[in-house]
Each structure stands twice: as structure tokens, then as C-alpha cells.
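Undergrad:
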Amino acid sequence: MNLVIVESPAKAKTINKYLGAEYTVLASYGHIRDLPSKDGSVQPGDDFAMVWESDARSQKHVREIIQAAKKADHLFLATDPDREGEAIAWHVLEVLNKGKALNGVDVKRVVFNEITKSAILDAFSHPRDIDGEMVNAYLARRALDYLVGFTLSPVLWRKLPGSRSAGRVQSVALRLICEREDEIDIFVPREYWSVRADFDTGAGVMVNAALTHLDGKKLDKWALPDEAAAQAAVGAIRSGAFSVAAVEKKQTKRHPAAPFTTSTLQQEASRKLGFSAKRTMQTAQRLYEGASIGGETVGLITYMRTDGVQMAAEALTACRALIARDFGEAYLPDAPRVYKSKAKNAQEAHEAVRPTDLTRLPKAVAAFLDEDQRRLYELIWKRTVASQMESVVLDQVAVDIASGPREIVLRATGSIIAFDGFYRLYHEGRDETTGDAESNGNDEKERILPEMAVGQALACKTVLPQQHFTQPPPRYSEASLVRKLEELGIGRPSTYASIISVLQERNYVRLEQRRFIPEDRGRVVTAFLTNFFKRYMEYNFTADLEDKLDDISGGRADWKQVLRDFWTAFSASVEDIGQLRVREVLDALNDLLAPHFFPQKDDGKDPRTCPTCADGQLSLKLGKFGAFIGCSNYPECRFTRPLTSAGDDQNDMPELEAGPKLLGVDPVSGLDVTLRKGPYGIYVQLGEQVEGEKKRPKRASLAKGESPAQVDLEKALGLLALPRDVGEHPETGKMIQAGLGRFGPYLSYNNMFISLKGDDDPLTIGINRAVTVIAESGKTPPVELGKHPKDKKPVTVRKGRWGPFVQHGRTKANLPKSTAEEDVTLEMALELLAKGDKGKGAAKTPKKAPKKAVKKTTKKAPAKKAPAKKKTAPKKAAEA
Numbered sequence: 001m002n003l004v005i006v007e008s009p010a011k012a013k014t015i016n017k018y019l020g021a022e023y024t025v026l027a028s029y030g031h032i033r034d035l036p037s038k039d040g041s042v043q044p045g046d047d048f049a050m051v052w053e054s055d056a057r058s059q060k061h062v063r064e065i066i067q068a069a070k071k072a073d074h075l076f077l078a079t080d081p082d083r084e085g086e087a088i089a090w091h092v093l094e095v096l097n098k099g100k101a102l103n104g105v106d107v108k109r110v111v112f113n114e115i116t117k118s119a120i121l122d123a124f125s126h127p128r129d130i131d132g133e134m135v136n137a138y139l140a141r142r143a144l145d146y147l148v149g150f151t152l153s154p155v156l157w158r159k160l161p162g163s164r165s166a167g168r169v170q171s172v173a174l175r176l177i178c179e180r181e182d183e184i185d186i187f188v189p190r191e192y193w194s195v196r197a198d199f200d201t202g203a204g205v206m207v208n209a210a211l212t213h214l215d216g217k218k219l220d221k222w223a224l225p226d227e228a229a230a231q232a233a234v235g236a237i238r239s240g241a242f243s244v245a246a247v248e249k250k251q252t253k254r255h256p257a258a259p260f261t262t263s264t265l266q267q268e269a270s271r272k273l274g275f276s277a278k279r280t281m282q283t284a285q286r287l288y289e290g291a292s293i294g295g296e297t298v299g300l301i302t303y304m305r306t307d308g309v310q311m312a313a314e315a316l317t318a319c320r321a322l323i324a325r326d327f328g329e330a331y332l333p334d335a336p337r338v339y340k341s342k343a344k345n346a347q348e349a350h351e352a353v354r355p356t357d358l359t360r361l362p363k364a365v366a367a368f369l370d371e372d373q374r375r376l377y378e379l380i381w382k383r384t385v386a387s388q389m390e391s392v393v394l395d396q397v398a399v400d401i402a403s404g405p406r407e408i409v410l411r412a413t414g415s416i417i418a419f420d421g422f423y424r425l426y427h428e429g430r431d432e433t434t435g436d437a438e439s440n441g442n443d444e445k446e447r448i449l450p451e452m453a454v455g456q457a458l459a460c461k462t463v464l465p466q467q468h469f470t471q472p473p474p475r476y477s478e479a480s481l482v483r484k485l486e487e488l489g490i491g492r493p494s495t496y497a498s499i500i501s502v503l504q505e506r507n508y509v510r511l512e513q514r515r516f517i518p519e520d521r522g523r524v525v526t527a528f529l530t531n532f533f534k535r536y537m538e539y540n541f542t543a544d545l546e547d548k549l550d551d552i553s554g555g556r557a558d559w560k561q562v563l564r565d566f567w568t569a570f571s572a573s574v575e576d577i578g579q580l581r582v583r584e585v586l587d588a589l590n591d592l593l594a595p596h597f598f599p600q601k602d603d604g605k606d607p608r609t610c611p612t613c614a615d616g617q618l619s620l621k622l623g624k625f626g627a628f629i630g631c632s633n634y635p636e637c638r639f640t641r642p643l644t645s646a647g648d649d650q651n652d653m654p655e656l657e658a659g660p661k662l663l664g665v666d667p668v669s670g671l672d673v674t675l676r677k678g679p680y681g682i683y684v685q686l687g688e689q690v691e692g693e694k695k696r697p698k699r700a701s702l703a704k705g706e707s708p709a710q711v712d713l714e715k716a717l718g719l720l721a722l723p724r725d726v727g728e729h730p731e732t733g734k735m736i737q738a739g740l741g742r743f744g745p746y747l748s749y750n751n752m753f754i755s756l757k758g759d760d761d762p763l764t765i766g767i768n769r770a771v772t773v774i775a776e777s778g779k780t781p782p783v784e785l786g787k788h789p790k791d792k793k794p795v796t797v798r799k800g801r802w803g804p805f806v807q808h809g810r811t812k813a814n815l816p817k818s819t820a821e822e823d824v825t826l827e828m829a830l831e832l833l834a835k836g837d838k839g840k841g842a843a844k845t846p847k848k849a850p851k852k853a854v855k856k857t858t859k860k861a862p863a864k865k866a867p868a869k870k871k872t873a874p875k876k877a878a879e880a
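Each step along the sequence shown adds one to the number in the UniProt record's numbering, with nothing skipped, and position 552 is 552.
Here it is as C-alpha cells:
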């Protein structure tokens with residue numbers, strides 16, 4: 001038998017179809033082992049020995065894999081083609097070796113970059129061994145992350161109650177966001193002016209030009225600092241006689257961007273589609289694992305965790321053939337374009353993210369995809385094809401308009417697209433945070449200047465001065481933060497989405513209008529870490545660690561030595577900081593964060609003066625539940641002020657107090673969709689209450705921690721549509737639903753409810769991820785024993801936190817410890833339910849009887865038991 005191990009059940013199902021009946025394909029459902037979340041999982045004193053454990057969910061899959069491996073002749077480990085996939089394969093091999101399941105079994109590693117029949121069959125014809133160096137790099141990364149987390153977190157808990165470490169890489173990303181906010185806080189706008197004029201070239205054709213020279217001198221940005229200087233320039237222009245002094249013409253080209261990497265895909269999906277990094281990766285995962293098209297499940301894109309920008313030769317050939325066929329030879333370059341990644345630490349082992357088959361046009365597969373998949377696939381397809389198209393050709397013209405001997409010069413510029421090239425298919429998005437176009441200079445608009453000749457006289461018609469103020473640096477968006485992390489070499493392509501999610505989940509940052517704003521608790525943690533662990537928060541230190549991990553995976557460094565070098569210095573720093581008193585920490589933080597928590601007042605008064613007692617000084621203090629602002633005269637003065645954390649409170653839209661906010665119109669019903677504030681929080685509503693009708697309009701609450709400022713029409717319609725059908729479970733055929741309840745987002749399947757956590761969103765989760773979540777939950781569906789004779793309702797056996805139990809309606813009864821679930825019969829269950837369970841959920845009749853009995857006995861008990869207790873205590877004391 002040929003046994004194949006992959007990560008996900010959806011991937012297993014597809015691969016099994018390609019390989020045929022001679023192969024058995026099982027899913028590991030992700031990692032089957034991990035480091036336990038407790039002290040001692042990594043042991044520096046024992047040469048960094050690592051303790052691995054499988055949770056209850058994984059143990060089930062491990063048993064299935066071991067049983068299958070004992071019957072196998074060949075084992076193929078076909079997990080993802082990256083470091084994480086190599087680690088999963090290694091874990092499976094380690095578990096099978098310990099289970100003595102590989103006697104005489106030939107073990108090979110198989111990797112493929114796309115889930116298509118040709119790619120799968122080719123990979124299985126060229127197997128290899130597990131890459132030990134790549135595994136070592138994974139082990140080093142896991143050990144580093146664990147040691148930082150489990151060493152630094154206790155220091156944070158003791159010195160800053162209520163705070164948690166954001167992680168080795170997340171802490172550095174948080175520092176980026178906080179430092180940008182610091183720049184904004186201290187920014188002082190500077191005024192400057194510009195002047196533009198309209199000139200008549202004849203026959204009423206006007207040309208607009210900007211002032212560049214005055215009194216024979218070239219003007220810089222600050223040359224006109226105020227209105228007086230601008231008006232003086234306006235007067236000079238109005239009094240002059242102008243003519244064309246120079247005409248400059250040139251032709252320039254705009255080249256297409258490279259195919260997508262993980263980070264550029266996340267950035268462009270954010271700019272063009274409004275997707276978060278998490279949503280992009282979840283959607284890309286579903287496209288990679290495939291969709292059923294024409295009765296066959298096929299992967300639509302190549303592996304989506306990559307920093308490579310090259311494409312396979314056959315993909316280039318297919319791309320060029322498509323361009324020639326659909327756009328014409330004029331749009332096809334003479335030779336294929338070759339790209340090289342600019343990202344620091346880039347690994348060119350993988351292809352770029354591209355369609356597996358470029359002849360599958362977006363419109364041809366749209367019917368088989370959900371809306372997110374359709375939009376993302378179209379984006380990837382267009383970017384891939386555009387990357388091999390001809391450049392855009394621009395004709396640019398610049399005209400200098402001068403008075404006399406060039407004492408005053410104004411410049412008019414224009415450009416036209418002489419050849420649209422790749423613009424015919426695709427324009428790279430504009431960064432919504434900076435407002436700057438990307439490096440390819442897209443979004444050019446045609447600005448056509450009339451033909452003008454040197455010496456041609458022009459009549460000045462209007463002159464307009466304009467006031468400007470410098471703007472503070474923009475806050476990071478998801479796109480610009482990912483780009484910055486990539487530039488610095490911090491993190492890997494597969495980690496950007498989780499980095500951003502962790503910062504938001506721990507309420508260190510919040511996202512408003514698609515920009516990151518640090519919460520005060522995030523500022524406090526960053527100030528603490530940058531002040532007391534400065535070396536480990538430096539950008540180049542984190543990037544250098546990434547270099548060392550790459551050296552390990554390339555066989556250029558020993559992973560244990562990298563850990564030794566890190567741990568020696570890091571543990572010494574932690575020990576030194578551990579000796580500091582909390583007061584010393586607070587004093588340092590008070591100084592570092594003073595500009596934020598105590599900004600200067602316009603009236604010049606001391607911003608630290610207590611508003612209650614007037615002679616106390618405000619400062620940062622620590623309590624049981626975290627940091628706050630308090631008065632130095634405590635306990636005489638009990639003034640306190642919490643650290644603001646708008647991400648913790650949904651009621652951060654005071655404008656809703658005045659009434660509902662219209663988000664838009666539901667395209668199906670034509671009813672208004674509004675955002676409203678009620679006694680239990682903020683919610684969305686479809687339509688209005690009709691007078692005289694009892695039926696209320698459909699409503700949906702926001703998820704816990706979700707900012708109402710981020711809710712738009714699309715989001716609101718998604719919430720109102722919950723619960724939604726995700727898809728049928730591939731094994732049982734039963735429908736899986738996703739919804740949002742009083743305890744948060746969940747999946748509903750086979751009479752079970754499974755909570756969604758972390759990156760999983762009920763609005764976007766797909767069937768493959770849903771199946772994995774259900775499997776990882778460890779929950780099993782209830783087993784129906786039969787119908788209750790009284791009301792014909794089902795009697796079931798279920799698993800609970802405290803063991804198995806039987807249930808009928810709301811009545812529950814725990815099984816005796818000696819009774820196994822599979823041994824329970826309907827008769828036994830009815831007997832247990834009739835007796836009632838003494839714990840939670842007992843039958844109604846048994847509940848009332850014990851209460852009466854207890855009341856009777858408690859009245860008599862004190863007279864008999866009290867003397868006995870009094871006598872016993874002295875005896876024990878005397879013996880002691």
C-alpha cells in the first residue's frame with residue numbers, strides 16, 4: 001500500500017483523485033505536535049532539548065496515521081513546500097518512528113507548487129528525503145519564539161500587570177506603529193504657498209502653469225512662506241508680459257510590476273479589494289486547494305506563501321501565447337520578462353503566486369467561486385498576465401513660460417499615453433495610506449498641452465495663490481505595514497497576517513479607516529520593551545535573526561549555536577531587569593510617555609496637575625488590572641483616569657447618540673441598512689419598524705471588539721446574512737454553517753457548536769478551513785440512542801467538559817465512570833434520566849426533593865454537630 005500524508009482533508013481528497021486507488025491519502029490536519037504552553041518545553045540547560053506534545057484532537061489523527069503506516073509499503077510525506085510544511089512532515093516521521101510503525105517502509109518527501117494532476121504526478125515521480133537543514137531552521141525559530149515569550153511574558157506580568165508580550169516579531173511591528181504615532185504627536189505643521197496661472201495660447205485654449213522662478217531665482221518649497229510673499233508673486237506675474245521660453249519633449253516608459261509574492265498580494269488586495277491580510281490569505285488558501293470545475297477539483301493558483309517572483313517556463317510560454325492571441329503581437333515583448341525579488345531575505349525556491357492555468361479566464365471560473373475567491377483570482381490573473389506585457393509608452397511635454405529675460409518662469413506639463421501596453425489590462429493600486437503611486441507610476445491621466453513654439457506670446461488671464469500646510473507622516477495601513485516589515489527583513493511571508501492579527505487581538509492596536517492606531521496599552525508595552533530590552537527591539541537585530549535562520553536552512557550555520565548565542569545574552573538581560581523595582585520601571589515609563597499622556601496645554605499650565613486636589617501630580621500607576629493615571633496624593637486624593645483603549649469599547653461612535661447612521665441600501669430588498677446604538681451595544685438593522693406590526697426588522701450585533709467605525713455596507717450585509725451555509729462536510733455530506741452568537745463567532749455542524757477564534761471570520765471562512773476547525777475542536781457529534789417514549793424526542797449520548805452524559809431535551813445525566821459511551825443503551829439512558837443528575841442539568845422532579853430534604857436536616861444538624869466540632873479542634877491543637 002502507498003500511504004500519502006498531507007495537511008488538509010480537502011487537499012487529501014483532491015490528491016487521492018489524481019493518484020488513484022493504489023494510494024491512501026490521509027490528512028494530519030496541520031501540525032500533529034507542538035510545544036506545550038508551559039515552562040520547560042524548551043530546555044536551554046539540556047542543549048535546548050524540546051518537549052513536544054499532541055493534543056486530544058491530534059492524537060486521534062496520529063492513531064489513524066500510525067495504523068495506516070503499519071500496513072504501508074511506501075510512505076510519501078506531501079505537505080506544503082515551505083519551512084512549515086517540511087516541519088509537519090518531520091513531525092509525522094518522528095511520531096511514526098516512535099510508534100514503531102515504519103519497519104520496512106520506504107519513506108520519501110514529495111513537494112509540489114500547485115495542486116494540478118500534472119504537478120502531482122511529476123512530484124511523485126521525483127521524491128526526495130526530508131530537508132534536515134530546513135527542519136533545523138524551523139526548530140530554531142520555534143525555540144526562539146518560545147524562549148522570548150515564556151521568558152519575557154512573566155517579566156511583563158510582574159512589572160506591568162495586565163500586559164502580555166506581543167511576541168518576538170510582533171513586538172517589533174508594534175514598535176513601528178507606536179513610533180509612527182509618536183511622529184504624528186510631535187508634528188508641527190508648516191505653512192507654505194504656491195502660485196499657478198492660466199495662459200491663453202490663442203483661440204481660447206488655456207494652459208495652466210506653476211510658478212518655478214521669481215526675480216531670476218529658482219523657488220524651493222518654502223520660498224513663499226506666507227500670504228504676503230504669495231501676493232507679491234501674484235502682483236509680479238500680473239504686471240509681466242509672457243512668452244514661451246522653452247519646449248521640452250521626451251518619451252518615457254512604465255514597466256509592469258512583477259507577479260505577486262505573498263506580501264505584494266496582501267498589499268494589492270488591501271488597496272484594490274479592501275481585504276485584510278487575514279482575509280487575503282484565507283481566500284488564497286481556498287484557491288490553492290482548489291474548486292470543483294467540470295466535475296474535477298483543481299487548484300486554481302500556485303502556493304501562496306512565497307517571496308519568489310519568477311514563473312516556470314511553461315507558465316511563461318502560456319502567458320505569452322495568451323497575450324499574443326487576446327491582445328495582439330504589439331502587446332507582446334520580444335523576450336519574456338525576468339524579475340528578481342527586492343525583498344530582504346528573499347528565498348527564490350518558489351514561484352510567484354500565479355494561476356495554475358492561465359487559459360482559465362476569470363469570467364470562465366467565476367460561476368464556481370464565491371465572491372471573495374472570484375475577485376482575488378481575477379486580481380492574480382490580471383497581475384500575472386500584465387507582468388509579461390509590453391511597457392506603457394508616455395509622451396511627456398514641459399513648457400517654460402517666462403517674462404522678459406526669465407525673471408519670472410512658470411512651467412506647464414502634460415503627458416499622453418502613446419501606447420497603453422499593460423495598462424490595457426491592469427493598473428497597480430495606489431497606496432491609500434501614503435497617497436503615493438507605487439514604483440510603477442500608475443494611474444497617469446492624460447494632460448494634453450496644445451502645440452506651442454518658442455517665442456510665442458501668451459496672455460496671462462488668471463493668477464491663483466494657494467495656501468498649503470505640511471502633513472504629518474501617514475499612519476500605517478495593512479498594506480504599508482506589510483511592505484515596511486518586508487523592507488526591514490522582519491518576519492516571513494507566511495507570518496504577516498498573524499503578526500497583524502495578534503496585535504489587534506491583544507488590543508495593542510486598533511484599525512480605523514484602514515489605518516493602525518496604537519492603544520495606550522500598546523504604547524506602554526512598547527515603551528517598556530524599547531527602554532529595558534532595547535537590543536531585542538531593534539529592527540536590525542530582528543532582521544539579523546532572520547538572516548541566521550536562513551543561514552541555518554541553507555546549511556551555513558548550526559542551529560544550536562545560534563540559540564546559544566542568543567540565549568546567553570538574552571537571559572542575562574532578563575535577569576537584570578527582573579531585579580528592578582516596579583517604581584523604577586514606572587519612573588522610566590512616566591518620562592518616556594509624558595508627551596502622550598500629559599501633552600502641553602495651550603494655557604501653559606502644568607499638564608500633570610491633578611484636577612481634583614490641585615496640588616497633586618498625575619503619573620502612570622499600576623493596579624491589579626493594569627496601568628492607569630493616578631494622583632500622587634493617594635489615598636487622600638483618589639482621582640484616577642483609565643488609559644484610553646477605544647478598541648475595548650464598541651461605544652466609540654458618539655454620533656450614534658443622535659440617531660442611526662445610514663450605511664446604504666440592500667440591493668436585494670431595497671431596504672435601508674443602518675448602524676444603530678442600543679442598550680446592549682451597537683448593531684446593524686435592515687429596514688425600519690412598521691407601525692402596528694409586531695415583527696421587528698432583521699438585526700445583527702457586532703462581534704466583540706469590532707470597531708463600528710469599520711462597518712460598511714458590505715460588512716453589514718454579511719452580518720445580516722448570518723448564519724450562512726459554508727458548505728457540506730466532505731465526509732458526512734451534512735451542512736456546516738457559520739454564525740455569530742452571544743458568545744462570539746461559531747460553526748454549527750451535526751448538532752454541534754464550535755467557537756471560532758483567532759483569524760477565522762464567520763463571514764469569510766471557507767469549507768476547507770471549516771472542516772479543519774471542526775476536526776481540531778476534538779468534538780464529536782451526539783449519538784442518538786432512540787426516541788423517548790413520552791414525547792418521542794431523541795435521547796442522545798454526548799461528550800462534555802466533565803465526561804460523557806445522556807440528554808433528553810434540557811435534562812442531562814452523567815454516565816457512571818465504569819460505563820463506556822458505546823455500551824449505553826436507550827433503556828440505561830432512560831433510567832439515568834429518570835433518576836436525575838445531581839449536577840448541572842438534572843431532571844426537574846429530583847431537583848425539588850433534595851432541596852426540601854436539605855432544609856429539614858440543616859435545622860437539626862447544628863445542635864448535634866456543633867459540640868463535636870468544638871471538642872475535636874482542641875484535641876488536635878493539644879496533640880500538635
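Ideal Cβ positions, reconstructed from N, Cα and C, are used throughout, including at glycine.
Pull up the distance between the alpha-carbon of residue 278 and that of residue 726, whole angstroms please.
TA: Roughly 18 Å separates the two Cα atoms.
Undergrad: Output the distance between the C-alpha atoms of residue 295 and residue 324, rounded to the nearest integer angstrom.
TA: 30 Å
Undergrad: Per DSSP, what kind of secondary structure is residue 768 in: helix, strand or coil?
TA: helix
Undergrad: Which residue's Cα is closest to the Cα of residue 214: 633, 411, 51?
TA: The option with the nearest alpha carbon to residue 214 is 411.
Undergrad: State the start and end residues of the unbroken beta strand (DSSP E) segment that holds residue 510.
TA: Looking at the DSSP string, the run of the beta strand (DSSP E) that includes residue 510 is 509-512.
Undergrad: Could you name the residues of the same chain whose beta carbon sits closer than 8 Å to that of residue 201, not counting the 5 residues immediately before and after it, in chain order?
TA: 207, 450, 452, 456, 458
Undergrad: Would you mind giving the Cβ-Cβ distance between residue 716 and residue 671, rounded to the nearest angstrom? I have them listed as a contact below 8 Å.
TA: Wrong, their Cβ atoms sit about 12 Å apart, outside the cutoff.
Undergrad: In three-state terms, what does DSSP make of residue 606?
TA: coil
Undergrad: Which of helix, strand or coil does DSSP assign to residue 218?
TA: strand
Undergrad: Since residue 275 contacts residue 353 with CB under 8 Å, what's their CB separation in whole angstroms?
TA: Their Cβ separation, rounded to whole angstroms, is 14 Å, which puts residue 275 and residue 353 out of contact at 8 Å.
Undergrad: Taking just the CA atoms, how far does residue 192 sit from residue 220?
TA: 10 Å
Undergrad: Which one of 813, 830, 51, 130 has the shortest CA to CA distance from residue 803?
TA: 813
Undergrad: Looking only at DSSP bridge pairs, what is residue 678 linked to?
TA: According to DSSP, residue pairing for residue 678 in a beta bridge involves 681.
Undergrad: Which stretch, first to last residue, makes up the beta strand (DSSP E) that contains residue 735?
TA: 735-741
Undergrad: Are the beta-carbon atoms belonging to residue 621 and residue 640 less than 9 Å from one another?
TA: yes
Undergrad: Give the straight-line distance between the Cα atoms of residue 360 and residue 298, rounded to the nearest whole angstrom.
TA: 11 Å
Undergrad: Take the Cβ of residue 718 as the centre, count every other Cβ of all protein chains shown within 10 Å, and call the residue buried at 16 or more, exposed below.
TA: buried
Undergrad: Roughly how far, in whole angstroms, is the beta-carbon of residue 571 from the beta-carbon of residue 264, given that I think they are within contact range, below 8 Å?
TA: Actually they are not in contact, since the Cβ atoms of residue 571 and residue 264 sit about 38 Å apart, beyond 8 Å.
Undergrad: Check whether the region 482-497 touches the region 517-534, taking contact to mean three or more Cβ pairs, one atom from each stretch, closer than 8 Å.
TA: no
Undergrad: Please confirm whether any heavy atom of the ligand GDP lies closer than 8 Å to the CB of residue 539.
TA: The ligand content of the structure shown is nil, which means the ligand GDP is not present either.
Undergrad: Just curious, the beta strand (DSSP E) that residue 536 is in, first and last residue?
TA: Run containing residue 536: none in the beta strand (DSSP E); it sits in the alpha helix (DSSP H), 534-537.
Undergrad: So what's residue 647 in DSSP terms, helix, strand or just coil?
TA: In this prediction, residue 647 scores a pLDDT of 36, lower than 50, which makes its location untrustworthy; the coordinate-derived value is nonetheless stated afterwards. It is helical.
Undergrad: How about residue 713 and residue 682: are their beta carbons less than 9 Å apart?
TA: Note that the C-beta distance between residue 713 and residue 682 is not below 9 Å.
Undergrad: Can you look up residue 796 in the DSSP assignment and give me helix, strand or coil?
TA: strand
Undergrad: Going by DSSP, which residues form a beta bridge with residue 109?
TA: 77, 128
Undergrad: So, with DSSP's three-state summary, where would you put residue 808?
TA: strand
Undergrad: Nearest-angstrom Cα distance between residue 232 and residue 225?
TA: Answer to the nearest angstrom: the Cα atoms are 12 Å apart.
Undergrad: Taking all protein chains shown into account, do 16 or more other C-beta atoms lie within 10 angstroms of the C-beta of residue 136, making it buried, or fewer, making it exposed?
TA: The residue is buried, with at least 16 neighbouring Cβ atoms inside 10 Å.
Undergrad: Does residue 518 come out as helix, strand or coil in the three-state DSSP assignment?
TA: It is a strand residue.
Undergrad: To the nearest angstrom, report how far apart residue 482 and residue 266 are at their CA atoms.
TA: 8 Å
Undergrad: Near residue 751, what residues of its chain come up, given a Cβ to Cβ distance below 7 Å and the 5 sequence neighbours on each side ignored?
TA: 781, 782
Undergrad: So for residue 394, helix, strand or coil by DSSP?
TA: strand
Undergrad: Considering only their Cβ atoms, is the gap separating residue 307 from residue 356 smaller than 9 Å?
TA: no
Undergrad: To the nearest whole angstrom, what separates the beta carbons of residue 142 and residue 35, a pair I think is in contact under 8 Å?
TA: 6 Å
Undergrad: So, do the region 95-109 and the region 61-68 have three or more beta carbon pairs nearer to each other than 8 Å?
TA: yes
Undergrad: Which same chain residues end up closer than 6 Å to residue 687 when comparing Cβ atoms and leaving out the 5 residues on each side of it in sequence?
TA: Once the five neighbours on either side are set aside, the close Cβ partners of residue 687 are 671, 697.
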